[in-house]
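Participant: Residue 23 is where the sequence shown starts when you use the numbering used here, and the numbers rise one by one after that.
From the three backbone atoms N, C-alpha and C, an ideal C-beta is built for every residue, glycine too.
A quick note: this is a predicted structure, and the numbers were derived from the prediction, not measured.
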Amino acid sequence: MRKNRLPPDFIDIAFIILVLTLIAAGQAMAKIGVGKPGRFILGLNGYLIISYTVFLARGIIWSLVLRRHPVSRIYPFLALSYPLILIISLVFFDEALSAGKIMGSLLILTGAALMVPGEKA
Numbered sequence: 023m024r025k026n027r028l029p030p031d032f033i034d035i036a037f038i039i040l041v042l043t044l045i046a047a048g049q050a051m052a053k054i055g056v057g058k059p060g061r062f063i064l065g066l067n068g069y070l071i072i073s074y075t076v077f078l079a080r081g082i083i084w085s086l087v088l089r090r091h092p093v094s095r096i097y098p099f100l101a102l103s104y105p106l107i108l109i110i111s112l113v114f115f116d117e118a119l120s121a122g123k124i125m126g127s128l129l130i131l132t133g134a135a136l137m138v139p140g141e142k143a
C-alpha cells in the first residue's frame with residue numbers, strides 16, 4: 023500500500039514532538055512509579071497508572087502520524103527519544119553519564135539522520 027511520500031508537515035512535526043514528549047513523560051512516571059508501593063488494583067500506584075495512560079495516548083497519536091507516512095520514513099524520529107530520556111535521567115534521577123552513553127546517543131542520532139532524508143518518492 024502506497025503512503026503519502028511528502029515530507030512531514032507542521033502538524034506531523036507537532037505530533038512527533040508530542041509523541042516524543044509523551045514517551046519521555048511516560049518513562050519518567052514509570053521510573054517514579056516502580057519505586058513507590060502499589061495501592062491500587064494489581065499493586066499499581068498513581069504514577070504507574072499515569073504512565074500507562076500516557077503510553078496509550080502516545081500510541082493513538084503515533085497511529086495518526088503513521089496513517090500519513092511510511093513507517094520507514096517516520097520511525098527514525100523515535101530515535102530522538104533515547105537522548106531525550108538520557109537527559110531526563112541525568113537531570114531528574116541523578117543517573118550517571120558515561121562516554122558510552124554519549125557515544126551511543128550520537129550514533130543513534132547519526133543513524134536516524136541518515137535514514138530520514140534519504141527516501142525518494
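Would residue 73 and residue 57 be called neighbours here (beta carbons separated by less than 8 angstroms)?
Facilitator: The residue you call residue 73 lines up with position 51 of the sequence shown. The residue you call residue 57 lines up with position 35 of the sequence shown. Cβ distance not < 8 angstroms, so residue 73 and residue 57 don't count as in contact.
Participant: Classify residue 37 as buried or exposed, calling it buried when 16 or more other Cβ atoms lie within 10 Å of its own Cβ.
Facilitator: Here residue 37 refers to the residue found at position 15 when the sequence shown is read from its first residue. The residue is buried, with at least 16 neighbouring Cβ atoms inside 10 Å.
Participant: Could you work out which residue in 32, 137, 41 and 123 is closest to residue 92 when comparing CA atoms only?
Facilitator: In the sequence shown, counting from the first residue as 1, residue 92 sits at position 70. Closest option to residue 92, Cα to Cα, is 137.
Participant: Grab the span of the alpha helix (DSSP H) containing residue 36 for me, first residue to last.
Facilitator: Counting from one through the sequence shown, the residue named residue 36 turns up at place 14. First-last of the alpha helix (DSSP H) with residue 36: 32-56.
Participant: What are the boundary residues of the alpha helix (DSSP H) that includes residue 115?
Facilitator: Position 93 of the sequence shown holds residue 115. Element bounds for residue 115: 103-115.
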